[in-house]
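Start counting the sequence shown at 3; every next residue gets the next number (this note's numbering). Yeah, the Cβ is synthetic: ideal placement off N, Cα and C, and Gly gets one too. Treat the numbers as computed from the prediction; the structure is a model and nothing was measured. I have placed the structure first, in the form of structure tokens, so that the comments after it can refer back to it.
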Amino acid sequence: MIKKQSAKIVSLEQIAKETIEIVLENEYISQRAKPGQFVHVAVRGHTLRRPISIAATDLDKNTFTILFKTIGSGTTHLADYTVGEEVDVLGPNGTSFPIEKIKENETLLLVGGGIGVPPIYFLATELAKLKVNVHTVLGFQSKDYFFYEKQFNDLSNVTIVTDDGSYGEEGFVTNYLQQADDIDKYFSCGPMPMLQAVKNSLANIEGYLSFEEHMACGIGACYACVIPVNTPEKYKKICQDGPVLAASEVKI
Numbered sequence: 003m004i005k006k007q008s009a010k011i012v013s014l015e016q017i018a019k020e021t022i023e024i025v026l027e028n029e030y031i032s033q034r035a036k037p038g039q040f041v042h043v044a045v046r047g048h049t050l051r052r053p054i055s056i057a058a059t060d061l062d063k064n065t066f067t068i069l070f071k072t073i074g075s076g077t078t079h080l081a082d083y084t085v086g087e088e089v090d091v092l093g094p095n096g097t098s099f100p101i102e103k104i105k106e107n108e109t110l111l112l113v114g115g116g117i118g119v120p121p122i123y124f125l126a127t128e129l130a131k132l133k134v135n136v137h138t139v140l141g142f143q144s145k146d147y148f149f150y151e152k153q154f155n156d157l158s159n160v161t162i163v164t165d166d167g168s169y170g171e172e173g174f175v176t177n178y179l180q181q182a183d184d185i186d187k188y189f190s191c192g193p194m195p196m197l198q199a200v201k202n203s204l205a206n207i208e209g210y211l212s213f214e215e216h217m218a219c220g221i222g223a224c225y226a227c228v229i230p231v232n233t234p235e236k237y238k239k240i241c242q243d244g245p246v247l248a249a250s251e252v253k254i
């Protein structure tokens with residue numbers, strides 16, 4: 003159930019270029035959020051809320067973490083909030099990665115790009131509790147935008163890729179997907195061109211994609227974030243039916 007909540011900022015810091023990490027305290031969201039879901043954040047002085055993926059939860063402290071890029075007025079203003087302030091949020095929203103479909107000893111590939119990395123990290127923390135093999139490929143514009151290296155290295159075998167080769171391997175994530183052999187399933191989040199390339203590269207493997215789309219209402223009422231699918235309804239709403247959808251059902 004989606005509920006309007008007030009969440010207190012516990013910490014706020016810039017962790018990479020144009021990238022902000024905020025830890026918020028809220029029992030309802032922290033105890034219910036699943037990897038792939040998001041919160042819809044109200045920003046003072048702005049009409050529309052901002053959808054931001056949940057990057058982690060701490061069940062003992064009743065906190066959840068969000069990461070976002072300061073790419074517009076709303077997110078830039080949100081980055082100026084201070085520790086102790088209350089934030090108006092709706093959540094947890096949307097579908098999650100189907101962890102229940104994962105079988106013991108499976109080999110899983112996680113692929114994240116840019117600000118699509120946070121939900122992949124949340125997923126990695128949950129997969130670490132299971133008896134599975136995980137390989138992660140993360141893509142960033144450059145070393146200036148890179149974050150969470152140690153966190154991912156503690157959870158899985160990781161390949162880092164930057165567009166300009168300033169850190170890790172040079173190129174795009176799709177150049178390095180085959181490093182994980184005998185993949186049973188894959189999970190990916192990032193910009194649309196990356197998701198298209200990942201889906202095409204792994205066409206014969208069961209996969210799940212988490213979409214980063216602009217949203218208005220965030221509750222499925224306005225149809226501003228639809229995506230074509232191979233099902234009778236022909237379209238699905240990212241905010242309500244997604245953001246996680248099976249790669250086989252979407253037309254991208």
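- Query: Exposed or buried, what is SER98 when buried is set at 16 or more other beta-carbons lying within 10 Å of its beta-carbon?
  - Reply: Within the sequence shown, residue 98 is the residue found at index 96, counting from 1. Its Cβ being crowded by 16 or more others within 10 Å, SER98 is buried.
- Item | One or two residues paired with PHE70 in a DSSP bridge | Along the sequence shown, one-based indexing puts residue 70 at 68. ILE22, per the DSSP bridge assignment.
- Query: Can you tell which of LEU111, SER13 and THR72 has the C-alpha that lies nearest to the C-alpha of THR65?
  - Reply: Residue 65 sits at position 63 when you count from the first residue of the sequence shown. Taking THR65 as reference, the option from LEU111, SER13 and THR72 with the minimal CA-CA separation is SER13.
- Whose CA, out of PRO234, PHE174, PRO245 and ALA218, lies closest to the CA of THR49? Numbered from its first residue, the sequence shown carries residue 49 at position 47. The option with the nearest alpha carbon to THR49 is ALA218.
- Task: Would you kindly report the start and end of the unbroken alpha helix (DSSP H) that includes VAL119?
- Result: Here residue 119 corresponds to residue number 117 of the sequence shown, with the count starting at 1. Counting along the chain, the unbroken alpha helix (DSSP H) around VAL119 starts and ends at 119 to 129.
- Item | For TYR188, the residue or residues it bridges with in DSSP | As a first step, residue 188 must be located in the sequence shown, where it is residue number 186. In the DSSP output, where bridge partners are listed per residue, TYR188 has LEU111 and GLY209.
- Message: Assuming the contact rule is C-beta atoms closer than 8 Å, GLU171 and TYR178 should be a hit. Round their C-beta distance to whole Å, please.
- Response: Start at 1 with the first residue of the sequence shown, and residue 171 comes out as number 169. Start at 1 with the first residue of the sequence shown, and residue 178 comes out as number 176. Indeed they touch by this definition, with Cβ atoms about 6 Å apart.
- Message: Buried or exposed, going by whether 16 or more other CB atoms sit within 10 Å of the CB of ARG52?
- Response: Indexing the sequence shown from 1 puts residue 52 at position 50. Buried, because 16 or more other Cβ atoms sit within 10 Å of the Cβ of ARG52.
- Endpoints, beta strand (DSSP E) assigned at PHE174: By one-based count along the sequence shown, residue 174 stands at place 172. Segment: none, PHE174 is in no beta strand (DSSP E) and carries neither H nor E.
- Task: Confirm, please, whether the CB-CB distance from ILE11 to ILE22 is below 8 Å.
- Result: The count along the sequence shown starts at 1 and reaches residue 22 at position 20. The count along the sequence shown starts at 1 and reaches residue 11 at position 9. A distance of 8 Å or more separates the beta carbons of ILE22 and ILE11.
- Message: Whether or not the segment 114 to 127 and the segment 139 to 151 are in contact is what I'm after, with contact meaning three or more pairs of Cβ atoms, one per stretch, closer than 8 Å; do they touch?
- Response: Yes: the two stretches touch, three or more of their Cβ pairs being nearer than 8 Å.
- Message: Just list the residues that DSSP pairs ALA57 with in beta bridges.
- Response: Numbered from its first residue, the sequence shown carries residue 57 at position 55. For ALA57, which the question treats as bridged, DSSP gives no partner whatsoever.
- Message: Among GLU251, TYR83, ALA226 and ALA130, whose alpha-carbon lies nearest the alpha-carbon of ALA205?
- Response: Translated into the one-based positions of the sequence shown, residue 205 becomes position 203. When only C-alpha atoms are compared, the closest one is GLU251.
- Message: The alpha helix (DSSP H) that contains HIS79, what's its start and end?
- Response: Taking the sequence shown and counting its residues from 1, one reaches residue 79 at position 77. Element bounds for HIS79: 75 to 80.
- Message: DSSP three-state label for ALA35, please.
- Response: Position 33 of the sequence shown, counted from the start, is the residue given in the question as residue 35. Per DSSP, reduced to three states, the secondary structure at ALA35 is coil, with no helix or strand assignment.
- Query: Nearest to SER168 by CA position, among LEU110, LYS145 and SER158, is which residue?
  - Reply: On the sequence shown, position 166 is the one that residue 168 refers to. Cα-wise, what sits closest to SER168 is LYS145.
- Among ASP165, LEU211 and VAL85, which has the Cα closest to the Cα of GLN143? Along the sequence shown, read from residue 1 onward, the residue named residue 143 stands at position 141. When each option's Cα is compared against that of GLN143, the closest is ASP165.
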